[in-house]
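Engineer: Everything in the sequence shown is counted per the numbering used here, starting at 6 for the first residue and increasing by one. Yeah, the Cβ is synthetic: ideal placement off N, Cα and C, and Gly gets one too. Given the structure is predicted, the values throughout are model-derived calculations rather than measurements. Please find one structure pasted underneath; my questions will follow.
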Amino acid sequence: MDNLGNYIRLNEIAERVHSSGERVAIILEGRDGAGKSGTVRELTRFLPPYTFRVQPSFMPSKKMMRNWFSEWQKLLPNHGEIVIYDRSWYSRALLQPVMGWCSEKQYQNFIDGVNAWEDSQLDLQLVKIWLSIDEIKQRDLLTRRQNDPLRYWKHSPNDAKAVENFDALTLKKDVMFSLDDWLIVDMANKDVGRNTVLDNVVKTL
Numbered sequence: 006m007d008n009l010g011n012y013i014r015l016n017e018i019a020e021r022v023h024s025s026g027e028r029v030a031i032i033l034e035g036r037d038g039a040g041k042s043g044t045v046r047e048l049t050r051f052l053p054p055y056t057f058r059v060q061p062s063f064m065p066s067k068k069m070m071r072n073w074f075s076e077w078q079k080l081l082p083n084h085g086e087i088v089i090y091d092r093s094w095y096s097r098a099l100l101q102p103v104m105g106w107c108s109e110k111q112y113q114n115f116i117d118g119v120n121a122w123e124d125s126q127l128d129l130q131l132v133k134i135w136l137s138i139d140e141i142k143q144r145d146l147l148t149r150r151q152n153d154p155l156r157y158w159k160h161s162p163n164d165a166k167a168v169e170n171f172d173a174l175t176l177k178k179d180v181m182f183s184l185d186d187w188l189i190v191d192m193a194n195k196d197v198g199r200n201t202v203l204d205n206v207v208k209t210l
């Protein structure tokens, strides 16, 4: 197993976090089809279940939309826990404004306030990863979902909108990148990309 050493080291890190009471958030962001769910599975493949939690992508409630940071505060890692986010609070910087799901004011408040909010989480370690695919790759992946007997459930009416808004999301992504350092991983080859994520998570933590 090529990644055996990294799997072992990640388990050691997880045990350290668990025993020391550290709090770790691994954020996976990327376009639809970029491989977030598969990367989550790769990162958690051998992790002891008591050391981590996965926060899946979900549709926020009206209450959450109005109280973005305070509601996400409830979903941050507990002491001794690693949480892996398949999309995170950064959806307000990306999909929400592009798809018209939040107002311009809500978007701007997020951009102006996210660094201060994250800085207020004094003992929280953040690892921010952007999974990168180009427009041709995204279009191909989203099209294949429709007739895939194993992945059909990932297909949604928003897939077409995601492709249509490729350039608009790029602009929002660039603004997000200006706020902080993100690890950018090329996911043109999913296996190589996931291995790169695993390697960098181990090196960072």
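Given that a residue counts as buried once 16 or more other Cβ atoms are within 10 Å of its Cβ, and exposed if not, what is residue 124?
Structural biologist: Counting from 1 along the sequence shown, the entry for residue 124 is found at position 119. That one is exposed.
Engineer: Using a 10 Å radius around the Cβ and a threshold of 16 neighbouring Cβ atoms, would you call residue 102 buried or exposed?
Structural biologist: Locating residue 102 in the sequence shown gives position 97, counting from the first residue. Result: buried.
Engineer: Is the separation between the beta-carbon of residue 175 and that of residue 190 shorter than 7 Å?
Structural biologist: Along the sequence shown, one-based indexing puts residue 175 at 170. Along the sequence shown, one-based indexing puts residue 190 at 185. In this structure, residue 190 does not lie closer than 7 Å to residue 175 by Cβ.
Engineer: Can you grab the Cα-Cα spacing for the pair residue 172 / residue 24, in whole Å?
Structural biologist: Position 167 of the sequence shown, counting from 1, holds the residue named residue 172. Position 19 of the sequence shown, counting from 1, holds the residue named residue 24. In a straight line, the C-alpha of residue 172 is about 44 Å away from that of residue 24.
Engineer: May I have the straight-line CA-CA distance separating residue 157 from residue 82, to the nearest angstrom?
Structural biologist: Taking the first residue of the sequence shown as position 1, residue 157 is located at position 152. Taking the first residue of the sequence shown as position 1, residue 82 is located at position 77. Spanning the alpha carbons of residue 157 and residue 82 requires a straight line of approximately 31 Å.
Engineer: Distance, Cα to Cα, residue 71 vs residue 54?
Structural biologist: Within the sequence shown, the letter at position 66 stands for residue 71. Within the sequence shown, the letter at position 49 stands for residue 54. Whole-angstrom Cα-Cα distance: 33 Å.
Engineer: Given this structure, state the Cα-to-Cα distance separating residue 113 from residue 51, to the nearest angstrom.
Structural biologist: Here residue 113 refers to the residue found at position 108 of the sequence shown. Here residue 51 refers to the residue found at position 46 of the sequence shown. So the alpha carbons of these two residues sit roughly 39 Å apart.
Engineer: Our contact map puts residue 48 next to residue 18 with C-beta atoms below 8 Å; I'd like the distance itself, whole angstroms only.
Structural biologist: Your numbering for residue 48 matches position 43 in the sequence shown. Your numbering for residue 18 matches position 13 in the sequence shown. Contact doesn't hold; Cβ gap of about 11 Å is too wide.
Engineer: Should the segment 57-71 be called in touch with the segment 136-149, which here means at least 3 C-beta pairs below 8 Å?
Structural biologist: no
Engineer: Is residue 107 near the ligand GTP - that is, is its Cβ less than 6 Å away from at least one heavy atom of it?
Structural biologist: The ligand content of the structure shown is nil, which means the ligand GTP is not present either.
Engineer: Give the DSSP-derived three-state secondary structure of residue 30 in the structure shown.
Structural biologist: Along the sequence shown, one-based indexing puts residue 30 at 25. Strand.
Engineer: Within the same chain, show all residues whose beta-carbon is closer than 6 Å to that of residue 62, passing over the 5 residues directly before and after it, in chain order.
Structural biologist: Taking the first residue of the sequence shown as 1, we reach residue 62 at position 57. Excluding residues within five positions, the ones whose Cβ falls inside 6 Å are 91 and 92.
Engineer: List the endpoints of the continuous alpha helix (DSSP H) containing residue 12.
Structural biologist: Here residue 12 is taken as the residue at index 7 of the sequence shown, counted from 1. Per DSSP, residue 12 belongs to the alpha helix (DSSP H) from 9-25.
Engineer: Comparing C-alpha positions only, which one of 129, 186, 167 and 195 sits nearest to residue 78?
Structural biologist: Residue numbering aside, residue 78 sits at position 73 when the sequence shown is read from its first letter. Ranking 129, 186, 167 and 195 by Cα distance to residue 78 puts 129 first.
Engineer: Are residue 136 and residue 43 close, meaning C-beta to C-beta below 7 Å?
Structural biologist: Here residue 136 is taken as the residue at index 131 of the sequence shown, counted from 1. Here residue 43 is taken as the residue at index 38 of the sequence shown, counted from 1. Their beta carbons are not under 7 Å apart, which means residue 136 does not touch residue 43 by this criterion.
Engineer: Threshold first: 4 residues or longer. Then list the alpha helix (DSSP H) segments lying entirely within the segment 117-197, N to C.
Structural biologist: 140-150, 163-169 and 171-184
Engineer: Please classify residue 199 as buried or exposed, where buried requires at least 16 other C-beta atoms within 10 Å of its C-beta.
Structural biologist: If you number the sequence shown from 1, residue 199 lands on position 194. The residue in question, residue 199, is buried, as its Cβ has 16 or more Cβ neighbours within 10 Å.
Engineer: Based on DSSP bridge pairs, tell me the residues matched to residue 86.
Structural biologist: As a first step, residue 86 must be located in the sequence shown, where it is residue number 81. Residue 86 is bridged to 28.
Engineer: So what does DSSP say about residue 58, is it helix, strand or coil?
Structural biologist: The residue you call residue 58 lines up with position 53 of the sequence shown. Three-state result, residue 58: strand.
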